[in-house]
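Asks: One structure follows; several queries about it will come next.
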Amino acid sequence: MSLSGALYNAFSGLRANTRAANVVSTNISNATTESYGRRSLELSPGAAGTSGGVRIDGVGRNVDPVILADRRLSDASHGYGNSLYAFSTRFEAAVGDSDTPGSLISRTLAFENALLTAASNPASTQRLEIVAESADALADKLNVLSDGIQEARETADRTIGMQVDRINDTMRSLERINERVRKAFNSGGDASSLLDERQRLLDGISEIVPLRVVQREQGQISVYTRGGATLLEMSASEIGFTRTAFITPDMGLGTGLSGLTLDGEPIVSTDRGMFAGGDMAAQFEIRDRLAPARQAELDGLASELMQRLDGITADASLVAGDAGLFRDINGGLSAGLNPAAFDPANEVGAAQRIRLNTAQVAPGAGNSWRLRDGMYAGTAGNVGDATLIQAIANALTDIAPPATTAFGTKPTSLTGLFGDFTGSVAGGRVSAENELSFLVSQQTAMKELELNQGVDTDAELQRLMQIEQNYAANAKVMSTVDELMERLLSI
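For the sequence shown, our numbering gives the first residue as 719, with consecutive numbering after it.
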């Protein structure tokens, strides 16, 4: 080999080692950066007919597309399960259990116990007041839970709107990055930073919807949902959604609530549609199925409570069409110009509208004697007669088929219905928690696999030591060639 050939080999080696050191330092400094793909210097031998040396072909970005795709799917599944679990947990906390002061079942039992205590001494005004207060607290709890359900639906609706905006913004950004990547590939530039940014953008929406990314020519990509919706194909698609500020129990998908559109065309927005499987699907599930199902159960409880107490035959002051201890605030008046009895046909939203019949019995108003003497009695009667109070208590505990359709036809007591509802809410939370536990484990395993493909700082430091040794060897060759040339010139 000639001296000039040896000099060229050493020079190309120095240049490659300098570039390799920069690549290693970049890897180490970005070891904890999300969506960063480990870089490696791509080298090849010098072309045939030259003096040899090493040629820099570029900087490669090392990412396993299969592991990346699986991790994104696990992100979407986790987003779905986490949102359902969060809803179940919040609702269970709102409903409470028998050990929680102010819970639905504790207020039901307090109402029942107050009736039994008052029946043992019907002359006690204090005990009658406690009955009125506990009845009012029970109705208020149903109101609060129903309002909370609608707030959860409104929150889900707002979340869907924000997620739609985020996906649209992301796809427009990806469209621009696609164009910049294409130009970088055509000009031979390094597009690694653009690819990192592209991965970061995709990871940012991977929990919202399951993604399928397809590589195209010149480093570009197309993006689809797992359900088949096209999000990016040359140009970005536009997802449409209309937010609803105020949601009532009678509203549903297509009846006051918006679904999704894709480039102006309506698409299926349920958990079997094109956007199924991610957090957005969970928000639709909450807004359109889970929350309305819980609302229907609350309405059933309120309906059953009003209907059982509307028909107390022991109350001689009650006539057909008059409301009992509880009333529907939208129920209007009966033929006798009293608050009207509950109409089962108006069960939707009953939990929001149930109130204590305060026109006849109001806590602290001095008219709690009507609990003993008749809801519409004009004057107080026999203070020792507990017949009506006991009849109201029996209405809570009597075993009978529910008048509402929300709980089937199995005979049960009203107190039993409240207990079953509380148990159902707790069971729903446990089921969601078990599902989430599996999804968290799955996502953690996929992230660990992805991290194994990332930057290993120990390996990078070892590589840096090798680069230093290679650099020193090439520098030694150059100094040796320089000495030889000086000797030749001095002869």
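Note that beta-carbon positions come from the ideal geometry of N, C-alpha and C, so glycine has one too.
Do the segment 936-953 and the segment 986-1004 meet, that is, are 3 or more Cβ pairs less than 8 Å apart?
Replies: In short, these stretches touch, since the Cβ pair count reaches three.
Asks: Does the beta-carbon of G1018 have 16 or more other beta-carbons within 10 angstroms, so that it is buried, or is it exposed?
Replies: With 16 or more Cβ atoms within 10 Å of its Cβ, G1018 is classed as buried.
Asks: Helix or strand or just coil, what does DSSP make of R961?
Replies: In the structure shown, R961 sits in coil (DSSP, three-state: anything other than H, G, I, E or B).
Asks: May I ask which residues mark the beginning and end of the beta strand (DSSP E) holding S940?
Replies: Per DSSP, S940 belongs to the beta strand (DSSP E) from 939-943.
Asks: Excluding the 5 residues preceding and the 5 following L892 in the sequence, name in chain order all residues of the same chain whose CB lies nearer than 8 Å to its CB.
Replies: Only R916, L919, L920, I939, V941, L950, A954 meet the Cβ criterion.
Asks: DSSP on P1212, reduced to helix/strand/coil?
Replies: Outside the displayed span of the chain (719 to 1209) sits residue 1212, for which this structure offers no information.
Asks: For the beta strand (DSSP E) holding R1073, just list the boundary residues, first then last.
Replies: Here the beta strand (DSSP E) through R1073 covers 1072-1074.
Asks: Using 7 Å as the threshold, is the C-beta distance between R789 and V1173 below it?
Replies: Cβ atoms of R789 and V1173: not closer than 7 Å.
Asks: Can you give me the Cβ contacts of L1207 inside the same chain, cut-off strictly under 6 Å, excluding the 5 residues immediately before and after it?
Replies: Around L1207: no qualifying Cβ.
Asks: Which first and last residues belong to the alpha helix (DSSP H) in which E893 is found?
Replies: Here the alpha helix (DSSP H) through E893 covers 843-905.
Asks: Hey, R900 and Q936 are a contact pair by Cβ (cut 8 Å); roughly how many whole angstroms apart?
Replies: 5 Å between Cβ atoms; contact.
Asks: Examine the Cβ distances between the segment 1183-1201 and the segment 795-815 and report whether three or more of them are shorter than 8 Å.
Replies: No, because fewer than three Cβ pairs between the segment 1183-1201 and the segment 795-815 fall closer than 8 Å, the two stretches do not touch.
Asks: For the pair the segment 822-832 and the segment 1164-1179, tell me if three or more CB-CB distances fall below 8 Å.
Replies: Output reads no: the segment 1164-1179 does not touch the segment 822-832.
Asks: Give me, in chain order, the residues of the same chain whose beta-carbon lies closer than 7 Å to that of L1157; leave out the 5 immediate sequence neighbours on both sides.
Replies: Cβ neighbours of L1157 beyond the five flanking positions: S795, H796, G799.
Asks: For a quick check, are the C-beta atoms of A1109 and A1032 less than 7 Å apart?
Replies: Their beta carbons are under 7 Å apart, which means A1109 touches A1032 by this criterion.
Asks: Since I believe A1111 is in contact with A1069 (beta carbons under 8 Å), could you give me their beta-carbon distance rounded to a whole number of angstroms?
Replies: Wrong, their Cβ atoms sit about 22 Å apart, outside the cutoff.
Asks: Look at the alpha carbon of T1216 and the alpha carbon of A749, and state the distance between them as a whole number of angstroms.
Replies: Only positions 719 to 1209 of the chain appear in this structure, which leaves residue 1216 out of reach.
Asks: Roughly how many angstroms lie between the CA atoms of L802 and R808, to the nearest whole one?
Replies: Each residue's Cα considered, the two are about 10 Å apart.
Asks: Taking its Cβ as the centre, do 16 or more other Cβ atoms sit within 10 Å of R894, making it buried, or is it exposed?
Replies: Exposed: under 16 other Cβ atoms inside 10 Å.
Asks: How far does the alpha helix (DSSP H) with V1216 in it extend, from its first residue to its last?
Replies: Given that the chain is displayed from residue 719 to residue 1209, the structure contains no residue 1216 and the question cannot be resolved.
Asks: Return the first residue and the last residue of the alpha helix (DSSP H) that Q1001 is part of.
Replies: From DSSP, the alpha helix (DSSP H) with Q1001 extends over 997-1003.
Asks: In terms of DSSP beta bridges, what is E951 paired with?
Replies: E951 pairs with S953.
Asks: Anyone know if the C-beta pair for S976 and F959 falls short of 7 Å?
Replies: Against a cut-off of 7 Å, the Cβ pair of F959 and S976 comes out as a contact.
Asks: Flag this pair as yes or no: are the beta carbons of I1047 and R1073 separated by less than 7 Å?
Replies: In this structure, R1073 lies closer than 7 Å to I1047 by Cβ.
Asks: What are the start and end residues of each continuous alpha helix (DSSP H) run of 4 or more residues lying completely inside the segment 1087-1123, in chain order?
Replies: List check, alpha helix (DSSP H) in window: 1088-1091, 1105-1115.
Asks: I'd like the list of long-range same chain contacts for I926, defined as Cβ closer than 8 Å, with 5 residues on each side in sequence excluded.
Replies: Here the set comprises A794, G797, Q881, R884, I885, G996, D997, M998.
Asks: From S910 to V986, what does the alpha carbon distance come to, in whole angstroms?
Replies: Using only the alpha carbons, I get a separation of about 37 Å.
Asks: Closer than 6 Å: is that where the CB of E956 sits relative to any heavy atom of the ligand NAP?
Replies: The ligand content of the structure shown is nil, which means the ligand NAP is not present either.
Asks: Just how far apart, CA to CA, sit G1049 and P1057?
Replies: Computed Cα separation, rounded: 7 Å.
Asks: Can you tell me whether D1046 is helix, strand or coil according to DSSP?
Replies: In this structure, D1046 counts as strand in the three-state DSSP scheme.
Asks: Roughly how many whole angstroms lie between the Cα atoms of G820 and D1138?
Replies: If I take the Cα positions, the gap works out to 17 Å.
Asks: DSSP three-state call for V1079: helix, strand or coil?
Replies: V1079 falls in the coil class under three-state DSSP.
Asks: Using 7 Å as the threshold, is the C-beta distance between L761 and V741 below it?
Replies: No. Outside cutoff.
Asks: Sort out for me which residues DSSP pairs P763 with in a bridge.
Replies: Its beta-bridge partners are V772.
Asks: Could you check whether E847 and S1086 sit closer than 7 Å to each other, using their CB atoms as the reference points?
Replies: The answer is yes: Cβ separation under 7 Å.
Asks: Where do the ends of the alpha helix (DSSP H) carrying L1157 lie?
Replies: Segment 1132-1170, the alpha helix (DSSP H) holding L1157.
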